[in-house]
Amino acid sequence: CCSKNNMQALKPPAILPPIRNTSFDTFVLDVVAALRERPLHASRMRDQRSSLHNSLNFFLGSLATRALATDGEWAEFGVFSGTSTRRIAGRRFELSGLGSATREVHGFDAFRGLPETWHVADRGYKHEVASGAFNLGGHPPYSDWRIKWHVGWFNHTAPAFARELTERGSRLSFVHIDGDLYSSSAQVFEALERLIAPGAYIVFDECAD
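Take any residue in the sequence shown, note its place counting from 1, add 71, and you have its number in the working numbering.
Following this line, the structure appears as C-alpha cells:
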C-alpha cells in the first residue's frame, strides 16, 4: 500500500476503523482489514494481476515529482535481485536530470536470505517461505552508480544510516519497504521514524500479508 505522511493529497477511505482505546496490535489488524477491503486504485489492481508492484508503480508514475526527486533521501529496504531498486533509481534520475540535482538511492539488504520464516497470507491463501530464502551470499546483485548499497541486517544498517542522516542534516522523502517480515519492517521504523520528512511517501510491498 502507499501512504503519505500528511495525507493532504489523498482522500482517506471511508471504511478506516474509528480511533478508539485499544491495543496497537488490534489497531494494526483493523487497518489491514480496511486496506484489504479498499486498496489504492483497486480497479487497476484487478486489471493487472500479473504485476507485483502496483503501489510502487503508482508512486513512480503518478506521485513522484522533480521536487521530491531532488530533495531528501530515497531508500528501499529489502532488495534481493534489485529489480525494483533499479526502477526507483531510474525514475529518480529521470525526474531530477543531470548535474548536481541527481541523487543516489539507498538499497538495504543483508543478501543472505530471510532471517526467519515468512508466514504469508495472500487473499486467503496461506503458505510459508523458509528462512534463508532469497540468499545471494551476502553480495549485492550488481553495481550501479545511482545506487548506494547498505549490506547487512536492518537492525545494524538502519541505525547506522540514521546516524549518517543526522550528521548530514538530511531526511527521507521516499521509503520502499519490501523486507517481507513484520520484524524487519519494525526495525526500520524504530531506527528511522524521526528522520522521515513531513510529506514523505512510504510504499509497503507487503503491508497486508
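Here a beta-carbon is modelled for each residue, glycine too, at the ideal position from N, C-alpha and C.
None of the values given here were measured: they were computed from a predicted structure.
Is the beta carbon of residue i less than 9 Å from the beta carbon of residue j?
i, j, result
"Ile-267", "Phe-148", "no"
"Glu-261", "Ala-231", "no"
"Ala-160", "Asp-215", "yes"
"His-221", "Phe-179", "yes"
"Ala-271", "Leu-236", "no"
"Ile-218", "Arg-137", "no"
"Ala-181", "Gly-223", "yes"
Considering Cα atoms alone, identify which of the options is closest to residue i.
i, options, result
"Gly-153", "Ala-104, Ser-126 and Pro-211", "Pro-211"
"Arg-19", "Ala-181, Gly-132 and Ala-140", "For residue 19 there is no data in the structure shown, the boundaries of the chain being 72 and 280."
Would you give the residue range spanned by the alpha helix (DSSP H) that residue i belongs to?
i, result
"Ala-268", "That residue, Ala-268, is in no alpha helix (DSSP H); its beta strand (DSSP E) goes 267 to 275."
"His-227", "225 to 239"
"Ala-181", "Ala-181 -> no alpha helix (DSSP H), and no H or E assigned at all."
"Phe-245", "Per DSSP, Phe-245 belongs to no alpha helix (DSSP H); it is in the beta strand (DSSP E), 243 to 248."
Starting from the C-beta of residue i, find all residues in its chain whose C-beta is less than 8 Å away, skip the five residues before and the five after it, and write them out in chain order.
i, result
"Ser-255", "Phe-148, Gly-149, Pro-186 and Phe-225"
Ordered along the chain, which non-local residues of its own chain (more than five positions away) have a Cβ less than 7 Å from that of residue i?
i, result
"Leu-134", "Tyr-272"
"Ser-241", "Gly-143 and Glu-144"
Provide the residue span of the beta strand (DSSP E) that contains residue i, from first to last.
i, result
"Ser-167", "Run containing Ser-167: none in the beta strand (DSSP E); it sits in the alpha helix (DSSP H), 154 to 167."
"Leu-148", "According to the sequence provided, residue 148 is Phe. The question's Leu does not apply to it. Taken as a continuous stretch (DSSP letters only), the beta strand (DSSP E) holding Phe-148 covers 144 to 148."
Please tell me whether, using a cut-off of 8 Å, the distance from the CB of residue i to the nearest non-hydrogen atom of the ligand FMN is below it.
i, result
"Gly-132", "Within the structure as shown, the ligand FMN is missing, as the structure has no ligands at all."
Given residue i, which residues of its chain have a CB within under 6 Å of its CB, disregarding the five upstream and five downstream residues?
i, result
"Val-246", "Ala-146 and Ile-273"
Is residue i close to chain C? Criterion is C-beta to C-beta, closer than 9 Å.
i, result
"Ala-146", "Within the model displayed, chain C is absent; a lone protein chain is all it includes."
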